[in-house]
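In this note's numbering, the protein residues as written are 158 to 374.
In what follows, a single structure is set out as structure tokens and then discussed.
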């Protein structure tokens with residue numbers, strides 16, 4: 158009779174044991190995760206506020222609203238635009254810093270995320286640069302046509318023409334004042350004899366010369 162040997166209880170050797178260690182990245186929780194959630198929530202709000210403030214600024218400055226662009230209103234809109242611009246710049250810096258830290262930690266998809274952000278940044282920046290360049294050139298051409306190539310010279314000539322006109326008006330006024338004085342010297346006898354008739358003569362002379370106000374002192 159053959160007896161089968163009882164199965165021996167074998168214990169696995171220490172070498173056969175495999176330890177499975179799962180590394181949880183620090184960016185999946187903690188302050189960076191909270192910062193990412195804050196940026197994702199506050200970003201659309203900041204962009205919406207920027208669009209609303211910019212639209213209101215254009216409408217108020219173009220005088221399309223009952224609100225007049227006084228100095229106080231202009232200062233208020235200037236501060237609001239400055240604040241929203243600084244907020245958007247802060248969000249961009251925070252997002253760039255988060256991407257940089259993710260790449261330093263060698264997280265999965267960090268490099269792809271950076272490439273996608275860079276690609277969309279270029280796609281968004283190129284049309285804005287083209288539109289601003291074409292708009293500035295078009296505005297310069299419309300304000301500086303062929304007959305006004307030298308805007309500074311044109312403004313200087315306009316100021317010179319205004320100065321000459323003012324001087325000619327002053328000379329004409331002085332000449333008419335001298336003629337009026339000569340007429341009044343000849344009417345001295347009338348002044349002594351009949352004041353009423355003298356006043357009528359003086360008033361008619363003033364109206365003829367176009368004086369707004371005339372007085373004899």
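All C-beta atoms in this analysis are idealised placements derived from N, C-alpha and C, irrespective of residue type, glycine included.
Computed from a prediction, not measured in an experiment: that's the story for all the values here.
Coil, strand or helix - residue i by DSSP
i: residue 366; result: helix
i: residue 247; result: helix
i: residue 312; result: helix
i: residue 223; result: coil
i: residue 297; result: helix
i: residue 340; result: helix
i: residue 264; result: coil
i: residue 355; result: helix
i: residue 374; result: coil
Whole-angstrom distance between residue j and residue i, CA atom to CA atom
i: residue 275; j: residue 236; result: 30 Å
i: residue 291; j: residue 314; result: 30 Å
i: residue 298; j: residue 286; result: 18 Å
i: residue 355; j: residue 347; result: 6 Å
i: residue 294; j: residue 338; result: 59 Å
i: residue 243; j: residue 229; result: 21 Å
i: residue 221; j: residue 340; result: 57 Å
i: residue 273; j: residue 263; result: 17 Å
i: residue 232; j: residue 216; result: 15 Å
i: residue 234; j: residue 224; result: 12 Å
i: residue 296; j: residue 269; result: 41 Å
i: residue 350; j: residue 325; result: 38 Å
i: residue 374; j: residue 312; result: 42 Å
i: residue 279; j: residue 201; result: 20 Å
i: residue 319; j: residue 336; result: 26 Å
i: residue 265; j: residue 251; result: 20 Å
Residue i and residue j closer than 8 Å at C-beta
i: residue 238; j: residue 210; result: yes
i: residue 199; j: residue 248; result: yes
i: residue 241; j: residue 213; result: no
i: residue 260; j: residue 267; result: yes
Own chain, CB closer than 8 Å to residue i, minus 5 neighbours either side, in chain order
i: residue 204; result: 245
i: residue 226; result: 217, 218 and 220
CB-CB length for residue i against residue j, believed under 8 Å
i: residue 344; j: residue 358; result: 6 Å
Spatial neighbours of residue i in its chain, beta-carbon cut-off 7 Å, leaving aside the 5 residues before and after
i: residue 333; result: 366
Beta-carbon proximity list for residue i, same chain, < 6 Å, skipping 5 on both sides
i: residue 271; result: 256
i: residue 363; result: 371
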